[in-house]
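Participant:
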Ligand code: GLY
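In the working numbering, the protein residues as written are 1351 to 1602.
(1) If you draw a straight line from the alpha carbon of residue 1357 to that of residue 1453, how long is it in whole angstroms?
(2) Measuring straight from C-alpha to C-alpha, what distance separates residue 1369 and residue 1468?
(3) Can you tell me where the beta strand (DSSP E) holding residue 1493 begins and where it ends?
(4) Just verifying my parser: in three-state terms, what is the DSSP assignment at residue 1391?
(5) Can at least three beta-carbon pairs, one atom from the region 1525-1535 and one from the region 1443-1457, be found at a separation below 8 Å?
(6) Starting from the N-terminal side, write out each stretch of the alpha helix (DSSP H) that is 4 residues or longer and does not extend beyond the region 1554-1594.
(7) Between the alpha carbons of residue 1393 and residue 1587, how many angstroms are there, rounded?
(8) Taking 8 Å as the cut-off, is the beta-carbon of residue 1573 closer than that to any non-hydrogen atom of the ligand GLY?
(9) Residues in its own chain within less than 6 Å of residue 1355 by CB, not counting five upstream and five downstream?
(10) Return the CA-CA distance between residue 1572 and residue 1381, expressed in angstroms with no decimal places.
(11) Taking residue 1433 as the reference, which of 1536, 1414, 1460, 1415 has the closest Cα?
(12) For the beta strand (DSSP E) containing residue 1456, list its first residue and its last residue.
(13) Looking at C-alpha atoms only, which residue of 1451, 1512, 1477 is the closest neighbour of residue 1414?
(14) Over the uninterrupted alpha helix (DSSP H) stretch that includes residue 1375, give me the two end residues.
(15) Any heavy atom of the ligand GLY closer than 8 Å to the beta-carbon of residue 1518?
(16) If I'm right that residue 1494 touches residue 1525 with Cβ under 8 Å, what's the distance once you round it to whole angstroms?
(17) How many whole angstroms separate the CB atoms of residue 1500 and residue 1387, which I take to be in contact at a CB cut-off of 8 Å?
(18) Can you tell me whether residue 1536 sits near the ligand GLY, meaning its C-beta is under 8 Å from at least one heavy atom of the ligand?
(19) Measuring alpha carbon to alpha carbon, tell me which of 1563, 1486, 1450 ends up nearest residue 1391.
(20) Going by other Cβ atoms of all chains shown within 10 Å of its Cβ, with 16 needed for buried, is residue 1520 buried or exposed?
(21) Determine the closest residue to residue 1585 out of 1424, 1600, 1475, with distance taken between C-alpha atoms.
(22) List the endpoints of the continuous beta strand (DSSP E) containing residue 1505.
(23) Once DSSP output is grouped into helix, strand and coil, what is the label at residue 1603?
(24) Assign residue 1602 to buried or exposed, taking buried as 16 or more other Cβ atoms, counted over all protein chains shown, within 10 Å of its Cβ.
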């Protein structure tokens, strides 16, 4: 079993302890359940609940001072769920996870809020972080002992972007991708990642994982921050970035 977590492209190494804690929690859940979806979401929740990260409670603010969150979860057995512009829920990744077993794969704004409330999540003001840059999207990829892979990702987006803006995080193939061969997540400038359909193209590159991810970050100009993490079904696990990106790997 394996887990890789990242704390966001562009984030300071000072938050490495928070990413390590996320990976430890994910591995604990993986050992208890052998369920990579529960493990990847548990790890992501640790970072959503840590105010130093740009997700959940520490999310950055839109240009009107509000928090709007995007999140996604996907599994190697072909399920996915994503929410975008969800407002005032502490753990958006849990709302995205609920969509795994629905026919609908993605919900936005009011629809996402209605769905979350119907599923029993409590809506309460998420103040977010008024600090300067606190990194980008956080996330985790986990693999169970029987080879199943899941990915989970969550973000407050990019500071100052307009209300209703959608980044890469909830976009299938851009910010996340998962099938029986690979689980892969991106973090960084959402517009640039989306334009490159980054996760799917990195998967298609399909050399050894390290080469594929290093090729992927080079799709963007050096000054456009991006990071990628992935686990492949042959057990390869890797993370890289063209900027600082705290990440943590645990294998058992
Ligand atoms: N990568 C997150 C965003 O651009 O929203």
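All C-beta atoms, glycine included, are put in the ideal place defined by N, C-alpha and C. This one's a predicted model, so the numbers in the text were calculated from it and none came from an experiment.
Facilitator: From the atom records:
(1) Stepping through the chain shown from its first residue, residue 1357 is reached at position 7. Stepping through the chain shown from its first residue, residue 1453 is reached at position 103. Rounded to whole angstroms, the separation of the alpha carbons of residue 1453 and residue 1357 is 30 Å.
(2) Reading the chain shown from its first residue, position 19 is the one you call residue 1369. Reading the chain shown from its first residue, position 118 is the one you call residue 1468. If you take the alpha carbons of residue 1369 and residue 1468, they lie about 31 Å apart.
(3) Residue 1493 sits at position 143 when you count from the first residue of the chain shown. Where residue 1493 is concerned, the enclosing beta strand (DSSP E) stretches over 1488-1493.
(4) Here residue 1391 refers to the residue found at position 41 when the chain shown is read from its first residue. Three-state DSSP puts residue 1391 in a helix.
(5) no
(6) Secondary structure within the region 1554-1594: the alpha helix (DSSP H) runs of 4 or more consecutive residues, fully enclosed, are 1559-1567 (chain order).
(7) Along the chain shown, one-based indexing puts residue 1393 at 43. Along the chain shown, one-based indexing puts residue 1587 at 237. Roughly 17 Å between the two C-alpha positions.
(8) To locate residue 1573, count along the chain shown from 1; it is residue 223. For the ligand GLY, not one heavy atom lies less than 8 Å from the Cβ of residue 1573.
(9) Position 5 of the chain shown holds residue 1355. Closer than 6 Å at Cβ, skipping near neighbours: 1369, 1372, 1373, 1393, 1490, 1598.
(10) Within the chain shown, residue 1572 is the residue found at index 222, counting from 1. Within the chain shown, residue 1381 is the residue found at index 31, counting from 1. One C-alpha to the other measures close to 38 Å.
(11) Here the question's residue 1433 lines up with position 83 in the chain shown. The shortest C-alpha separation from residue 1433 is found at 1460.
(12) For the purposes of this step, residue 1456 is taken as residue 106 along the chain shown, with counting starting at 1. Per DSSP, residue 1456 belongs to the beta strand (DSSP E) from 1456-1458.
(13) For this step, residue 1414 is matched to residue 64 along the chain shown. The shortest C-alpha separation from residue 1414 is found at 1512.
(14) As a first step, residue 1375 is located in the chain shown; it is residue number 25 there, counting from the start. Its alpha helix (DSSP H) spans residues 1366-1383.
(15) Position 168 of the chain shown, counted from the first residue, corresponds to residue 1518. Annotation for residue 1518 indicates a beta carbon within 8 Å of some heavy atom of the ligand GLY.
(16) Here residue 1494 refers to the residue found at position 144 of the chain shown. Here residue 1525 refers to the residue found at position 175 of the chain shown. About 23 Å; that fails the 8 Å criterion.
(17) The residue you call residue 1500 lines up with position 150 of the chain shown. The residue you call residue 1387 lines up with position 37 of the chain shown. Right, their Cβ atoms sit about 4 Å apart.
(18) As a working mapping, residue 1536 is identified with position 186 in the chain shown. Residue 1536 Cβ: within cutoff of the ligand GLY.
(19) As a first step, residue 1391 must be located in the chain shown, where it is residue number 41. It is 1450 whose Cα lies nearest to the Cα of residue 1391.
(20) Here residue 1520 is taken as the residue at index 170 of the chain shown, counted from 1. Classified as buried, residue 1520 has 16 or more neighbouring CB atoms from the shown chains inside 10 Å of its CB.
(21) What you label residue 1585 is simply residue 235 of the chain shown in a count that begins at 1. With distances taken between Cα atoms, residue 1585 lies closest to 1600.
(22) Position 155 of the chain shown holds residue 1505. Residue 1505 -> beta strand (DSSP E) spans 1499-1505.
(23) No answer is possible for residue 1603: it lies beyond the span of the chain, which begins at 1351 and ends at 1602.
(24) Translated into the one-based positions of the chain shown, residue 1602 becomes position 252. Burial call: exposed.
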